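Residue 113 in my numbering sits at position 15 of the sequence shown, and the numbers go up by one each step.
Report on the following structure.
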Amino acid sequence: GRERPGKDYYKSEAEIAAIKAANSATEKFNEAGSKVQNVLPDVRSLSGDWRFWIAVLALVSVGISVLTAPPTISSGLQGDSYYI
């Protein structure tokens, strides 16, 4: 018999199943990504909110305080002896 033209063009059942699985995974990934975008607030909407800027200033202030704090606290006395 004659061979069909394009015989190698057609995909096997395993290839079709793999493509369907990949498409399904891609759809689920895209759905999850859109759900995350819907949950997160828009940064531009926060920039006009005064509470956002107060929180940013508080975080920067605490961060600078922690970074510039001296590593050890000493009493200033020799040998760490205390007089009462």
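All C-beta atoms in this analysis are idealised placements derived from N, C-alpha and C, irrespective of residue type, glycine included.
Source: prediction; values computed, not measured.
| Item | Value |
| --- | --- |
| Backbone CA spacing between residue 128 and residue 155 [nearest angstrom] | 35 angstroms |
| For residue 114 and residue 126, the rounded distance between their alpha carbons | 18 angstroms |
| 8 angstroms Cβ shell around residue 150 - same chain, five flanking residues per side excluded | 144 |
| Residue 121 to residue 109 span [Cα, whole Å] | 16 angstroms |
| Which of helix, strand or coil DSSP assigns to residue 161 | helix |
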